[in-house]
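Residues 3 to 391 (this note's numbering) make up the sequence shown, in order.
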Amino acid sequence: MTRRQWILFGALLAVVLVASVAAWRPWTTQDSPASSGYAGLGDPAAAGFAEARPGITLDFPADHGTHPDYRIEWWYLTANLESDDGRPFGVQWTLFRQALAPPGAVDFPNADSPWASRQLWMAHAALSTSRQHFEAERFARGMSLDDTRGQAGVETAPFAAWLDDWTLAAPADAASDDASTGAALDQLRVRAAGENFAYDLALDAQGPLVAHGAAGFSQKSADGQGSIYYSQPFYRVSGTLEVKGEPITVSGRAWLDREWSSQLLGPGQQGWDWFSLHLDGGAKLMAFRLRGAGEGGGDYLSGSWISADGRVTPLGADTLRLTPQATREVAGRRLPTVWRLEVPGRGVDVTVRAVNPDQWMDTSFAYWEGMVSVSGSHAGVGYLEMTGY
């Protein structure tokens, strides 16, 4: 294309993306009815999409890729890092896929046209220090105008997820996948940049993939809504950050979540509080509280205790307690930034505290996402996400 053609195409694509974002109902927050839950993720209008349910068998490497029969999906990486002089940093890299319509719901005159894509992509990148927080957001349509790969997408051989030059990818010569180890995700490199920040990090998995819930089905309400959910929580990380032009060498730990669904929440659930913790000694802990739609109308609790060798013990309301301890006003909202987290059967009684209380993601659907410290019966670091406040 000539420069003029690219400019004209860019203007046309901008119009298409505006229309697509307006149609991206599960991620809008302004006009969604309260019964649809946070970001519309409890919207029951999922007819025609596949349903997450117990008994679905995880299949690698295919499940590292896309599931277009489902309405929503994400590849979600968080990292707790430290510089050579001991300063803490947090990094987030997330790619979201949203189906604009179920398979076969729209009869396109030319099904081979790139404009026939029903997939919309959104990416978030963020970097936090103990005092500052930077975030950026991008959108793309799942399409390509030539034989090259599209502006956004995911491939499995070797693994690569991207939106523009924000990438999470295995080396080009990565080994073929092994279902027991998830080798396609064993070694990755993540890169992104926004205003005043950038990162380029190498990830090396030191343990196996982990399936949450019932062999990968993670129930999210007493009514049975849920997702297919697995993680790679055992990454060791090394690389470089850039903060306002300052290059910084870092190392640490990272956690990758893979999740897909067509109705993630119950209609009455307005948000969640989600923890991923790296504990000293090598154990990991994932826990979440979905506010509403639990037994008797209370909150719905779930989680996973992950031993240092990767063995998983599911946690529920009878084995897990999450209690807010202190709140703070952030972006005009009152948020719990200090928590007590208890797993009595494992001797866990810890305080989870935001390292920087102002890690607010001021994106199209706003939420809090940031690094936390862990103290008490166990020490460690991790990430906390809070939505719907």
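Using N, Cα and C, we set each Cβ at its ideal position, and we do this for glycine too. Treat the numbers as computed from the prediction; the structure is a model and nothing was measured.
Between the Cα of F136 and those of F199, S278, G384, spot the shortest distance and give me the residue it belongs to. One-based indexing of the sequence shown puts residue 136 at position 134. It is F199 whose Cα lies nearest to the Cα of F136.
With a Cβ-Cβ cutoff of 8 angstroms, do S253 and E84 count as a contact? On the sequence shown, residue 253 is found 251 positions in, with the first residue counted as 1. On the sequence shown, residue 84 is found 82 positions in, with the first residue counted as 1. Less than 8 angstroms divides the Cβ of S253 from the Cβ of E84.
Span of the beta strand (DSSP E) around S85: In the sequence shown, counting from the first residue as 1, residue 85 sits at position 83. Run containing S85: 74–85, per the beta strand (DSSP E) assignment.
Considering only the alpha carbon of each residue, which of L343, V314, A285 lies closest to Q327? Start at 1 with the first residue of the sequence shown, and residue 327 comes out as number 325. Considering only L343, V314, A285, the residue with the shortest C-alpha distance to Q327 is L343.
Would you tell me roughly how many angstroms separate the C-alpha atoms of Y391 and D175, rounded to the nearest one? The sequence position of residue 391 within the sequence shown is 389, counting from 1. The sequence position of residue 175 within the sequence shown is 173, counting from 1. Y391 and D175 have their C-alpha atoms some 44 angstroms from each other.
R73 versus A101, S132, A368, residue with shortest Cα-Cα distance: Residue mapping note: residue 73 aligns to position 71 of the sequence shown, counting from 1. The shortest C-alpha separation from R73 is found at A101.
Supposed contact pair H380 and D282 - C-beta distance, whole angstroms, cut 8 angstroms: Within the sequence shown, residue 282 is the residue found at index 280, counting from 1. Within the sequence shown, residue 380 is the residue found at index 378, counting from 1. Contact check for D282 and H380: beta-carbon distance about 6 angstroms, within the 8 angstroms limit, so the pair qualifies.
Among I230, L203, G226, T68, nearest to A163 - alpha-carbon criterion: One-based indexing of the sequence shown puts residue 163 at position 161. For the residues I230, L203, G226, T68, the minimum Cα distance to A163 belongs to T68.
Quick test of your reading: V93 and L203, contact by CB under 8 angstroms. State the CB separation rounded to the nearest angstrom. Locating residue 93 in the sequence shown gives position 91, counting from the first residue. Locating residue 203 in the sequence shown gives position 201, counting from the first residue. Contact between V93 and L203 is confirmed by a C-beta separation of about 7 angstroms, below the 8 angstroms threshold.
Closer than 6 angstroms by C-beta to A207: which residues in its own chain qualify, once you throw out the five before and the five after it? Chain order, please. Numbered from 1 along the sequence shown, position 205 holds the residue referred to as residue 207. Non-local beta-carbon contacts of A207 in its own chain, meaning distances under 6 angstroms to residues more than five positions away in sequence, involve D188, Q234, F236, Y237 in chain order.
Closer than 8 angstroms is the cut-off here; do at least three beta carbon pairs connect the segment 238–249 with the segment 331–349? Not touching, per the Cβ criterion.
E387 to F277, Cα distance in whole Å? Translated into the one-based positions of the sequence shown, residue 387 becomes position 385. Translated into the one-based positions of the sequence shown, residue 277 becomes position 275. One alpha carbon belongs to E387, the other to F277, and they sit about 7 angstroms apart.
Tell me the DSSP bridge mates of I250? Residue numbering aside, residue 250 sits at position 248 when the sequence shown is read from its first letter. According to DSSP, I250 bridges with L243.
Beta-carbon within less than 6 angstroms of A125's beta-carbon, same chain only, minus the 5 sequence neighbours each way: which residues are those? Stepping through the sequence shown from its first residue, residue 125 is reached at position 123. Same-chain partners within the cutoff: L97, R140, L165, W168.
Give the DSSP bridge partners of G378, in chain order. Here residue 378 refers to the residue found at position 376 of the sequence shown. Answer by DSSP bridge pairing, in chain order: V352.
Should T315 be labelled buried (16 or more other beta-carbon atoms within 10 Å of its own) or exposed? Taking the sequence shown and counting its residues from 1, the one referred to as residue 315 is at position 313. By the C-beta density criterion, T315 is exposed, having fewer than 16 other C-beta atoms within 10 angstroms.
Limits of the beta strand (DSSP E) - the one that T329 falls within: Within the sequence shown, the letter at position 327 stands for residue 329. That run of the beta strand (DSSP E) goes 323–332.
Taking only the alpha-carbon atoms, compute the straight-line gap between D311 and A195 and give it to the nearest angstrom. Residue numbering aside, residue 311 sits at position 309 when the sequence shown is read from its first letter. Residue numbering aside, residue 195 sits at position 193 when the sequence shown is read from its first letter. Answer to the nearest angstrom: the Cα atoms are 34 angstroms apart.
L170 - containing beta strand (DSSP E), residue span: Numbered from 1 along the sequence shown, position 168 holds the residue referred to as residue 170. Counted as a single uninterrupted DSSP element, the beta strand (DSSP E) harbouring L170 occupies residues 168–171.
Just tell me which of G226, V374, V239 has its CA closest to the CA of Y201. Within the sequence shown, numbered from 1, the residue matching residue 201 stands at position 199. The closest CA to that of Y201, considering only G226, V374, V239, is found on V239.
Alpha-carbon to alpha-carbon, L205 and D364: Walking along the sequence shown from the start, residue 364 turns up at place 362. Walking along the sequence shown from the start, residue 205 turns up at place 203. As the crow flies, the alpha-carbon of D364 is around 27 angstroms from that of L205.
Which residue from E331, D71, G226 puts its Cα closest to that of W262? As a first step, residue 262 is located in the sequence shown; it is residue number 260 there, counting from the start. Taking only the C-alpha atoms, the option nearest W262 is D71.
Check the DSSP bridge columns for R335 and list the partner residues they point to. Start at 1 with the first residue of the sequence shown, and residue 335 comes out as number 333. When beta bridges are read from the DSSP output, R335 appears opposite V332.
Below 7 angstroms CB to CB, which residues in the same chain sit around L57 once its five sequence neighbours on both sides are set aside? On the sequence shown, position 55 is the one that residue 57 refers to. The sequence shown places Gly at residue 57, not Leu. Around G57: no qualifying Cβ.
In whole angstroms, what separates the C-alpha of A356 from that of G382? Mapped onto the sequence shown, residue 356 falls at position 354. Mapped onto the sequence shown, residue 382 falls at position 380. Rounded to the nearest angstrom, the two C-alpha atoms are 12 angstroms apart.
Taking Cβ positions, are Y385 and T80 nearer each other than 8 angstroms? For the purposes of this step, residue 385 is taken as the residue at position 383 of the sequence shown. For the purposes of this step, residue 80 is taken as the residue at position 78 of the sequence shown. Annotated as proximal: Y385 and T80, with beta-carbon spacing under 8 angstroms.
Comparing C-alpha positions only, which one of W362, P104, V350 sits nearest to R330? Sequence index remark: in the sequence shown, residue 330 carries index 328 (1-based). For the set W362, P104, V350, the Cα lying nearest the Cα of R330 is the one of W362.
Among all the DSSP beta bridges, which residues are the ones paired with L205? Position 203 of the sequence shown, counted from the first residue, corresponds to residue 205. L190, V239, per the DSSP bridge assignment.
What does the Cβ neighbour count give for S304, buried or exposed, with the cut at 16 atoms within 10 Å? Start at 1 with the first residue of the sequence shown, and residue 304 comes out as number 302. Buried.
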